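If you read the sequence shown in the numbering used here, its first letter stands for residue 74, the second for the next number, and so on. Even for Gly, the Cβ is constructed at its ideal location relative to N, Cα and C. On a predicted model such as this, the values are computed, not experimentally measured, just so you know.
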Amino acid sequence: MHYIVMDLEWNQPLSHRSAPYRRLGNQLMFEVIQIGAVKLDEAMRMRGSFNQFVAPANYIKLHPRISRITGIRQEDLDGAPDFSQAFSRFVDWCGEDIALSTWGCDDISVLHQNIAFFVKGHPIPPVYDLQRLFGDISGETKNRAGLKNAMNAMGIRPTAEHPFHSAVDDAYYTALVFQRFPDPKALLNHPQTVRTFGQIQTRQQGKTDTLRFSTLAQAIISKPAQQPNCPVCGKRADVPEGYVMMEPGRCRALADCQEHGLLMIDLRLEKDEKGNTRVKRSAMVSDVQSTAYVKTKHLQWANKVAASRQKEASA
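1. Which first and last residues belong to the beta strand (DSSP E) in which Cys324 is found?
2. Output needed for Pro236: all residues of its chain with C-beta closer than 7 Å, excluding positions within five of it in sequence on either side, in chain order.
3. For His263 versus Asp360, is the C-beta spacing smaller than 8 Å?
4. Below 8 Å between beta carbons: does that hold for Arg325 and Tyr316?
5. By how many angstroms is the C-alpha of Met102 removed from the C-alpha of Asn349?
6. If you draw a straight line from the alpha carbon of Ala356 to that of Gln383, how long is it in whole angstroms?
7. Tell me where the beta strand (DSSP E) around Ser174 begins and ends.
8. Just how far apart, CA to CA, sit Arg354 and Ala298?
9. Excluding sequence positions up to five away, which residues of its chain have a Cβ less than 6 Å from the Cβ of Gln107?
10. Would you mind giving the Cβ-Cβ distance between Ala128 and Pro154, rounded to the nearest angstrom? I have them listed as a contact below 8 Å.
11. Using the Cα positions of Pro137 and Glu346, report the straight-line distance between them to the nearest angstrom.
12. Whose C-beta lies closer than 7 Å to the C-beta of Arg253 among residues of the same chain, with five residues either side of it excluded?
13. Going by the beta-carbon positions, is the gap between Thr175 and Val192 smaller than 8 Å?
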């Protein structure tokens with residue numbers, strides 16, 4: 074048996090109001106634009122790698138944020154095979170008697186949707202979750218660790234030769250982490266469940282939870298407020314400017330998730346069932362994700378934060 078460690082990069086619509094997205098809707102939320110993988114034998118020795126760009130057929134224009142994060146250029150995709158051809162090459166490269174794995178469930182969910190759309194009827198082999206296996210080994214079963222955190226825990230240093238957010242290089246780093254696991258076959262205890270588009274869409278609507286603070290002043294300076302979780306992937310996002318008071322008992326900030334873009338974060342005071350005041354945190358993905366919009370929004374927010382702080386200082 075061979076272990077296949079796979080990673081994908083995908084494009085997204087420039088806007089949910091764009092013509093391709095309105096036409097496709099729930100059928101295709103993301104289009105795969107790169108398939109990367111590393112093959113390991115049963116002795117956990119690397120036996121080869123796979124790297125294939127994929128030409129998108131619907132979200133043809135590369136989203137600027139995707140290009141910025143991955144380093145993929147429009148010309149990398151021009152002339153590349155379509156998804157059905159690229160996936161066929163990947164299947165041939167994998168061979169038989171394999172255990173296919175990814176870090177987390179996002180990749181397999183996107184792959185499943187692309188297969189269903191472009192290669193109807195093609196069976197998908199079981200896919201296993203290395204992230205969950207790492208959680209078992211490290212004891213972090215509640216919070217899913219990112220690949221970089223797992224690398225740090227395993228003493229693996231990134232190199233310029235293998236930049237992050239390239240599918241084949243992320244697969245390479247994931248394989249290095251996998252090589253350090255004490256029992257590779259334990260991977261087979263962690264089969265993945267594919268998330269359907271509807272589930273992803275529901276999570277994108279937003280997420281609300283309760284923080285342990287009773288005042289906004291306490292909450293604003295806390296880690297949950299300064300590094301809120303993305304409602305889609307759960308990863309920590311960054312708040313670059315700060316919070317602005319929108320009305321008594323409610324403030325807002327902008328945050329950036331590397332995977333899902335601009336987020337709106339609200340903190341507001343509410344009474345719980347016992348009548349105690351608690352801070353509710355809400356996170357919502359912005360409907361508009363174009364580079365110009367996000368940049369303008371951040372500039373506007375920086376001005377709002379500066380004006381708010383000046384007002385507080387002069388009060």
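According to the data block:
1. Arg323 to Cys330
2. Gly144 and Asp242
3. Not in contact: His263 and Asp360 (Cβ atoms no closer than 8 Å).
4. yes
5. The C-alpha of Asn349 lies about 41 Å from the C-alpha of Met102.
6. 27 Å
7. Residues Ile171 to Thr175.
8. 8 Å
9. Glu82, Phe126 and Ala240
10. 7 Å
11. 45 Å
12. Met227
13. no
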